[in-house]
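Going by my numbering, the letters in the sequence shown line up with residues 3 to 652, in that order.
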Amino acid sequence: MANLDLLPITPKEVEALGWEQPDIVFVSGDAYVDHPSFANALLGRTLEAEGYKVALLCQPDWKNADAWRAMGKPRLFYAVSGGNMDSMINHYTANKKRRNQDAYSPGGEIGLRPDRATAVYSQRCREAFADVPVVIGGVEASLRRIAHFDYWSETVKPSMLVPSKADLCGFGMGETQIVEIARRLNGGQTIRDCRDLRGVAYLMGKKDELPAHGFDRPGGEPVTKTLEMPSFEAVKADKIAFAEMTRTLHQETNPLNGARLTQKHGDRTLVVNPPALALETEELDRVYDLPYTRMSHTSYKKPIPADQMIRESVTIMRGCFGGCTFCSITMHQGNAIQSRSEESILKEVKTMAADPTFNGVISDLGGPTANMYRMRCTKPEVEAICKRASCVHPTVCKLLDTSHDPTKSVMKKVREVPGIKQVNIASGIRMDLARFDDEYLEDLARHHVGGHLKVAPEHASDNVLEHMKKPATNTFDHFAERFKAASKRAGKEQYLVPYYIASHPGSGVAEMIELAEYLKASGYKPRQVQDFIPAPMDIATCMYHTGLDPMTMKPVETVTKLRDRKVQRALMQFFAPENYFTVHKALTEAGRTDLIGSGPKCLIPAKAPKEAREARRGGDGAGRPTKNKGRREESASRKAQGREAAGATG
Numbered sequence: 003m004a005n006l007d008l009l010p011i012t013p014k015e016v017e018a019l020g021w022e023q024p025d026i027v028f029v030s031g032d033a034y035v036d037h038p039s040f041a042n043a044l045l046g047r048t049l050e051a052e053g054y055k056v057a058l059l060c061q062p063d064w065k066n067a068d069a070w071r072a073m074g075k076p077r078l079f080y081a082v083s084g085g086n087m088d089s090m091i092n093h094y095t096a097n098k099k100r101r102n103q104d105a106y107s108p109g110g111e112i113g114l115r116p117d118r119a120t121a122v123y124s125q126r127c128r129e130a131f132a133d134v135p136v137v138i139g140g141v142e143a144s145l146r147r148i149a150h151f152d153y154w155s156e157t158v159k160p161s162m163l164v165p166s167k168a169d170l171c172g173f174g175m176g177e178t179q180i181v182e183i184a185r186r187l188n189g190g191q192t193i194r195d196c197r198d199l200r201g202v203a204y205l206m207g208k209k210d211e212l213p214a215h216g217f218d219r220p221g222g223e224p225v226t227k228t229l230e231m232p233s234f235e236a237v238k239a240d241k242i243a244f245a246e247m248t249r250t251l252h253q254e255t256n257p258l259n260g261a262r263l264t265q266k267h268g269d270r271t272l273v274v275n276p277p278a279l280a281l282e283t284e285e286l287d288r289v290y291d292l293p294y295t296r297m298s299h300t301s302y303k304k305p306i307p308a309d310q311m312i313r314e315s316v317t318i319m320r321g322c323f324g325g326c327t328f329c330s331i332t333m334h335q336g337n338a339i340q341s342r343s344e345e346s347i348l349k350e351v352k353t354m355a356a357d358p359t360f361n362g363v364i365s366d367l368g369g370p371t372a373n374m375y376r377m378r379c380t381k382p383e384v385e386a387i388c389k390r391a392s393c394v395h396p397t398v399c400k401l402l403d404t405s406h407d408p409t410k411s412v413m414k415k416v417r418e419v420p421g422i423k424q425v426n427i428a429s430g431i432r433m434d435l436a437r438f439d440d441e442y443l444e445d446l447a448r449h450h451v452g453g454h455l456k457v458a459p460e461h462a463s464d465n466v467l468e469h470m471k472k473p474a475t476n477t478f479d480h481f482a483e484r485f486k487a488a489s490k491r492a493g494k495e496q497y498l499v500p501y502y503i504a505s506h507p508g509s510g511v512a513e514m515i516e517l518a519e520y521l522k523a524s525g526y527k528p529r530q531v532q533d534f535i536p537a538p539m540d541i542a543t544c545m546y547h548t549g550l551d552p553m554t555m556k557p558v559e560t561v562t563k564l565r566d567r568k569v570q571r572a573l574m575q576f577f578a579p580e581n582y583f584t585v586h587k588a589l590t591e592a593g594r595t596d597l598i599g600s601g602p603k604c605l606i607p608a609k610a611p612k613e614a615r616e617a618r619r620g621g622d623g624a625g626r627p628t629k630n631k632g633r634r635e636e637s638a639s640r641k642a643q644g645r646e647a648a649g650a651t652g
């Protein structure tokens, strides 16, 4: 029997609703959790609110098209997403080892989606009903919309549109595009008639001519500029061409002035329209005010790990203007901060508080970053022409509104809602912004930290931080001192949990030793290792693949061999017994034997401790990770990617 409060996910549920056929079948690599942090729920509910009959085909058996046929032929189109994460990052660690859990599957079961799920699902759509349009979207499609470097095969691959054979790729969060596509197809137009939309990419036929389009923007003339990027064949063969392609893409991300991009793929042309415009507050409210049940589908017998992590969280904004080179948020959610109204946020919180199963604790009130709520450029006329990759690097832009007043206001009002016992901030804090407001830090320490606060200094080497586009180490030091003092004034014993990344472009053994020295001096002992994962289309991924910074075309030292990446991980955890021999060898070869001994600045003792010798006997004799360490690496790798994908649900 269908649960009428949820979207249907089986043929029987579709039939129970009395539908002859669904209008749209949304194919997803994730299980169905009816929560706005999950793409299939958010976009499915958005389409439902527009009057369309939406069925979800979640984690279908992809080995044949039977599940697609059983759901019935969609009247309008298939919407296909690999899920909330890129399927390859979902499946494999930074060491390219198979993960032992899928957080978006019941019971954390692995193997319920294929590698490169978007392309596989799209092919099954074609097999099931060849005449139904196929629209791909989500994180995986967004980050693979042009030719891109694929870390797991160490090759340059074509746009996802090529292997998927989809009609359109909707990149970005997708609400605007998917609703407009449905409206046009419902009105009798064809899928080709949707090629003029912002936020879509498509492959032209061999004989097609590039259409003349103007893309409207608020307060200005339509955008008509088109730029041609180096071809797929060129970027596959030439790393300089790959870097030029990456630079062009990242310079054209502002929807207010970004050009339409083209890229030859053999005898066909890929067309990437300018990004969709940022949603205004009223538009974002409509998306988040829909009747989500905040529960996983009742048919699942086992809990879904991501549901358990996210269920009690509240998203207040999306987007990020940080411009970190290793982060995918900007390429998917955009660099303009899109914020919900206080009314919408409080409505969601009051709904949660009224639920008898709610324990009164909000696990997170934030988004990709906890303290960018309502921060925007103060000069719209400048924002309309700006091509700056980051509003905070190398310095905070003087035109950026850095006021934390809206954030403090919503934090205060949420914690005062009856039934709310605690409101935690689990999203990362942008420290270079928090330094502008002492009162924000006081509120944070007094009311919103459950003992530990996550922050992301990422490294201690100025050289690496520059390649990351992150603030200098003294920014973190200053923040740490102020947080400690604020916690003391609040009468609480609280600690920072700093995140650091190993093997990022620009980071060699010398830089990792510098980080290890900093950690030793500061007393930090990271219990989890974060390895850089080259996600498609990121600037840092271009550095990894080409050895060039695409924005300056200057050489960048990169670490690509797994054995060298293991050394960097070991240096970050120099204190772990199983890493002793690896660290000893690295320090000796680097001429840093001054860090071996009993001195206060030494990283390891001169004589291997008993635990190190035992760990080596239990491993492979070369200081490589033991089984338990491998598990910690996987957990850290997943958490690191979770930071990048936080809120990236479209």
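All C-beta atoms in this analysis are idealised placements derived from N, C-alpha and C, irrespective of residue type, glycine included.
Asked: Using the C-alpha atoms, what's the distance from residue 512 back to residue 592?; Found: 7 Å
Asked: Tell me whether residue 360 sits in a helix, a strand or coil according to DSSP, three-state version.; Found: coil
Asked: Would you call the CB atoms of residue 45 and residue 142 closer than 9 Å?; Found: no
Asked: Buried or exposed: which applies to residue 600, given that a residue is buried once 16 or more other Cβ atoms fall within 10 Å of its Cβ?; Found: exposed
Asked: Please name the residue, chosen from 245, 494, 15 and 219, that lies closest to residue 277 on a Cα-to-Cα basis.; Found: 219
Asked: Do the segment 365-380 and the segment 425-434 make contact, defined as three or more Cβ pairs closer than 8 Å?; Found: yes
Asked: Along the chain, where does the alpha helix (DSSP H) containing residue 297 start, and where does it finish?; Found: That residue, residue 297, is in no alpha helix (DSSP H); it is neither H nor E in DSSP.
Asked: For residue 27 and residue 197, what's the separation of their Cα atoms in angstroms?; Found: 21 Å
Asked: State the beta-bridge partners of residue 267 as determined by DSSP.; Found: 270
Asked: Among the candidates 259, 170 and 504, whose CA atom is the shortest distance from the CA of residue 528?; Found: 504
Asked: Mark residue 139 as exposed unless 16 or more other C-beta atoms lie within 10 angstroms of its C-beta, in which case mark it buried.; Found: buried
Asked: Just to confirm, is the Cβ distance from residue 102 to residue 32 under 9 Å?; Found: no
Asked: By how many angstroms is the C-alpha of residue 460 removed from the C-alpha of residue 628?; Found: Reliability fails at residue 628, whose pLDDT of 48 lies under 50, so the model's placement of it is uncertain and no value is given.
Asked: Going by DSSP, which residues form a beta bridge with residue 319?; Found: 341
Asked: Looking at the strands, I want to know which residues DSSP matches up with residue 481.; Found: Answer by DSSP bridge pairing: none, since residue 481 is not bridged.
Asked: As a quick exercise: from 347, 250, 303 and 255, pick the residue whose alpha carbon is nearest that of residue 288.; Found: 347
Asked: So, at 7 Å on beta carbons, what are the nonlocal neighbours of residue 392 in its own chain, with the 5 sequence-adjacent residues on each side left out?; Found: 323, 324, 325 and 471
Asked: Considering only their Cβ atoms, is the gap separating residue 249 from residue 225 smaller than 9 Å?; Found: no
Asked: Of all the alpha helix (DSSP H) runs that stay within the bounds of the segment 406-435, which reach a length of 4 or more residues?; Found: 407-417
Asked: List in chain order: all unbroken alpha helix (DSSP H) runs of 4+ residues lying wholly within the segment 508-561.; Found: 511-524 and 541-548
Asked: Determine the extent of the beta strand (DSSP E) in which residue 30 is found, giving its start and end residues.; Found: 26-30
Asked: If you compare alpha carbons, which of 19, 119 and 312 is closest to residue 37?; Found: 312
Asked: Could you compute how far the alpha carbon of residue 162 sits from the alpha carbon of residue 468?; Found: 31 Å
Asked: Is residue 623 buried or exposed, if buried means 16 or more other CB atoms sit within 10 Å of its CB?; Found: Per-residue confidence for residue 623 stands at a pLDDT of 40, beneath the threshold of 50, marking its modelled position as unreliable; no derived number is given.
Asked: State buried or exposed for residue 265, treating a residue as buried only when at least 16 other CB atoms are found within 10 Å of its CB.; Found: buried
Asked: Less than 7 Å between C-beta atoms, sequence neighbours within five positions excluded: which residues of the same chain meet that for residue 569?; Found: 511, 584 and 588
Asked: Between residue 516 and the rest of its own chain, which residues show a CB-CB distance below 8 Å, the 5 nearest in sequence each way excluded?; Found: 462 and 463
Asked: Out of 43, 147, 153 and 110, which one is the CA nearest neighbour of residue 90?; Found: 153
Asked: What beta strand (DSSP E) runs, 3 residues minimum, are completely inside the segment 204-273?; Found: 217-219, 222-225, 228-230 and 262-267
Asked: Have a look at 191, 608 and 221 and flag the residue whose alpha-carbon is nearest the alpha-carbon of residue 381.; Found: 221
Asked: Label residue 659 either buried or exposed according to how many other C-beta atoms from any shown protein chain fall within 10 Å of its C-beta, with 16 as the threshold for buried.; Found: Limits of the chain in this structure are 3 at one end and 652 at the other, which puts residue 659 out of reach.
Asked: Please state if the CB of residue 92 and the CB of residue 200 are separated by a distance shorter than 9 Å.; Found: no
Asked: If the criterion is Cβ atoms closer than 9 Å, does the pair residue 579 and residue 608 meet it?; Found: no
Asked: With residue 583 as the anchor, note down where its alpha helix (DSSP H) starts and where it stops.; Found: 582-591
Asked: Classify residue 15 as helix, strand or coil using the three-state DSSP reduction.; Found: helix
Asked: Is residue 123 closer than 9 Å to residue 29 when the C-beta atoms are compared?; Found: yes
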